[in-house]
Amino acid sequence: MTTGAWVSLFSGGKDSSWALYQALERGLPVERLVTVHPEEDSYMYHVPATDLAGLAAESIGIDLVDVEPDDLAAAEATHSGDQGDAELAVLETALQDLAADLDGGIAGVTAGAVESEYQTSRIEAMCDRLDADLFAPLWQEDPRDLADAMLDADFEIKIIQVAAHGLDESWLGRTLDADAIADLEALHEEYGVHILGEGGEFETLVTDGPHMERAIRLEYDSVWEGMRGHVEITDAWLE
């Protein structure tokens with residue numbers, strides 16, 4: 226493995242948080258978290274509540290690098306190809322800049338992809354160009370095994386957005402616990418809902434875990450739009 230620092234692609238959601246946690250458990254020297262803040266729907270990135278990544282980073286104790294929406298808009302205007310490639314170009318530029326600031330550069334990148342070949346192939350190619358290793362511990366793992374592992378590790382996971390048949394307003398703000406996983410398995414049988422939300426069925430925020438010194442606490446309103454909804458966070462703080 227190459228020398229240098231590790232960087233974790235981090236949204237605050239369960240998948241990127243699990244990848245970071247696994248990297249720390251393996252002793253990888255993660256020195257920065259990098260959060261991309263898309264304005265709207267994104268092919269590459271987790272969208273909702275990324276503004277809380279800074280609070281999570283403070284609890285974790287690792288410095289955060291933000292990639293802002295203005296940077297993404299510039300990429301879409303100046304890069305040819307599909308939206309995913311344009312979005313990735315902004316991340317790659319941010320990592321190149323970061324590598325120049327880190328002693329020994331970037332040795333590796335963590336990512337929370339589970340099944341998306343679209344995302345993973347692009348991140349792999351980016352890491353190759355950066356001469357960095359890729360650590361993707363969720364990749365092609367069994368979704369139920371991953372869910373059980375997260376709960377066994379005492380991850381506290383909140384559902385903050387839903388967009389799938391069978392997921393109604395009652396799921397907004399719900400804790401992803403054993404009962405929720407059982408309900409999601411039933412919805413998978415009935416509607417094909419992915420139990421980890423890999424198809425965009427739902428999005429999450431990790432509010433506590435063994436890698437965090439203090440839990441994130443939230444106040445929010447539920448916003449329901451007929452077929453989908455999200456939590457509108459009105460306040461957030463560390464316990």
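Heads up, the sequence shown is in the numbering used here, so the first residue is 226 and it goes up one at a time.
In this text, a Cβ means the ideal position worked out from N, Cα and C, and glycines have one as well.
Here the structure is a predicted model, which is why all the values come from computation and not from measurement.
| Item | Value |
| --- | --- |
| Cutoff 8 Å; reference Ile331; Cβ partners in own chain excluding five residues on either side | Gly229, Ala230, Trp231, Val232, Leu320, Leu323, Ala324, Leu355, Ala357 |
| Beta-carbon proximity check, Glu428 vs Ile382, cutoff 8 Å | no |
| Inter-residue spacing [alpha-carbon to alpha-carbon] between Glu464 and Glu457 | 20 Å |
| Stretch pair the segment 435 to 452 + the segment 390 to 404: three plus CB contacts closer than 8 Å | yes |
| Beta strand (DSSP E) segment containing Trp396, residue limits | Unbroken run through Trp396: none, as it is neither H nor E. |
| Exposure of Gly434, with buried meaning 16 or more beta-carbon neighbours within 10 Å | buried |
| When Ala388, Arg347, Leu421, Leu253 are compared against Leu376, the one with the closest alpha-carbon | Leu421 |
| Local Cβ density within 10 Å of Arg257, reported as buried at 16 or more and exposed below that | buried |
| Where the alpha helix (DSSP H) through Ser284 begins and ends | 278 to 285 |
| Classification of His455 by the beta-carbon crowding that lies within 10 angstroms, buried from 16 upward | buried |
| Nearest residue (CA-CA) to Leu327, options Lys239, Val255, His390, Leu412 | Val255 |
| Supposed contact pair Asp291 and Thr260 - C-beta distance, whole angstroms, cut 8 Å | 6 Å |
| Residue range of the alpha helix (DSSP H) that includes Arg453 | Segment: none, Arg453 is in no alpha helix (DSSP H) and carries neither H nor E. |
| Pro368 and Gln247 closer than 8 Å at C-beta | no |
| Unbroken beta strand (DSSP E) run spanning Ser233, endpoints | 230 to 234 |
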